[in-house]
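Notes follow once the structure below has been shown.
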Amino acid sequence: MGGPPRHTCPIRCDLAHSGEDAACSRCIRLGLECLKGPPVKRNRKTKAALQRELDYLRQQLPQGGAAASPVHEEARTAPDGPWHEADNSLVPPQTTARSLSHSYSTFSETNSSADDPRFPAIGLLLEDPVSPRHSSTVPRLLDGREYDAQRIDDCFDLYFKSYHPVLPILDSTLSPNDCYAQSPFLFWAILVTGCRRYSQDPTMLESIGPHINGMAFASISSRSASIQTLQGMLILCTWAVPLKSMTRDVTYIICGAAIHLAIQIGLHIPGVGQDFEPNQLRFCELERMFRDRLWSFTCIVCQL
Numbered sequence: 293m294g295g296p297p298r299h300t301c302p303i304r305c306d307l308a309h310s311g312e313d314a315a316c317s318r319c320i321r322l323g324l325e326c327l328k329g330p331p332v333k334r335n336r337k338t339k340a341a342l343q344r345e346l347d348y349l350r351q352q353l354p355q356g357g358a359a360a361s362p363v364h365e366e367a368r369t370a371p372d373g374p375w376h377e378a379d380n381s382l383v384p385p386q387t388t389a390r391s392l393s394h395s396y397s398t399f400s401e402t403n404s405s406a407d408d409p410r411f412p413a414i415g416l417l418l419e420d421p422v423s424p425r426h427s428s429t430v431p432r433l434l435d436g437r438e439y440d441a442q443r444i445d446d447c448f449d450l451y452f453k454s455y456h457p458v459l460p461i462l463d464s465t466l467s468p469n470d471c472y473a474q475s476p477f478l479f480w481a482i483l484v485t486g487c488r489r490y491s492q493d494p495t496m497l498e499s500i501g502p503h504i505n506g507m508a509f510a511s512i513s514s515r516s517a518s519i520q521t522l523q524g525m526l527i528l529c530t531w532a533v534p535l536k537s538m539t540r541d542v543t544y545i546i547c548g549a550a551i552h553l554a555i556q557i558g559l560h561i562p563g564v565g566q567d568f569e570p571n572q573l574r575f576c577e578l579e580r581m582f583r584d585r586l587w588s589f590t591c592i593v594c595q596l
């Protein structure tokens, strides 16, 4: 090592490589006394040493826990409130992997959302029977033409029987009155799709079809009932209204708007729907699974 012994030269000395007892080239050039010091040993621990220390600390953890004081043991076994502290993390009492798995299977196998039209059934919707709608349906008016309750009920039944199993994004028990109260656009989207198979009035498709795309864009601009608007758009993207010319088809535009609307309301990020909604949402497992299902079908429909 060239230079004073108290100074460690940052330049590698060539004396060690030469194997001679003479001074190194740097000391000769600077006119310094060349001194050989002890080899420098790095104080940093290697990865293997850190791993051995970590293994040692892990072995000491059970011993430290067994030697805990009675006060700490009582505080650990007698939590205050419905949450207790374990391993510096908040864990709900009696929460195990088996209980979570059982809760998930319970939500998947039972249709607990039948009383709330906001949440569709999370189970196998392809096998869900269509529930009868006992409430008296209110007639609706569109462009000067009135559609009576019988036609509306028949078209809704045809939709949930023939089209809903292909795109299960709605509650199969949703009544026409509740649907219209949530979103008139979704109501007419279901009606214009179900009337394709309605043989008693073949003119319904021709009378409702020219107005449904305008309703879609009006619902997007109003930003009211975003979930229902997205559901109606997915229905129109899957079963587009027949047109005489392909140049007037706006299905691809609606598909692009649907995927961006889903992102804007936060369906692509599970568990943070409240960050994208101005109103207070009700958080539950059914709500999370409903949003996941709707986002999945949005991606599927827009990629077809």
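Okay, so the sequence shown: first residue is 293 according to the numbering used here, each after it adds one. Ideal Cβ placement from N, Cα and C applies to all residues, glycine included.
By the neighbour-count criterion, in which a residue is buried when 16 or more other Cβ atoms sit within 10 angstroms of its Cβ, serine 514 is exposed. Distance from the CA atom of isoleucine 461 to the CA atom of glycine 436, rounded to whole angstroms, is 31 Å. Inclusion of valine 484 and valine 542 in the CB contact set at 8 Å is not warranted, their separation being larger than that value. If you look at leucine 433, you'll find it in the beta strand (DSSP E) that goes 432 to 434. With respect to the C-alpha of serine 588, the residue from Gly558, Cys576, Asp567 and Glu569 having the closest C-alpha is Gly558. Ranked by how close their Cα comes to the Cα of threonine 590, the residues Leu578, Pro494, Pro468 and Cys547 have Cys547 in first place. Taken through DSSP and simplified to helix, strand or coil, cysteine 316 comes out as coil.
In the structure shown, the three-state DSSP call for glutamate 438 is strand. Rounded to whole angstroms, serine 511 and leucine 586 show a C-alpha spacing of 18 Å. In the displayed model, aspartate 567 falls within a helix according to three-state DSSP. In this structure, DSSP gives tyrosine 472 a helical state, which the three-state scheme calls helix. For glycine 558, the three-state secondary structure derived from DSSP is coil. Between threonine 429 and aspartate 445, the C-beta spacing is below 8 Å.
Leucine 553 places its beta carbon less than 8 Å from that of threonine 521. With a 10 Å radius around the Cβ and a threshold of 16 neighbouring Cβ atoms, serine 467 comes out buried.
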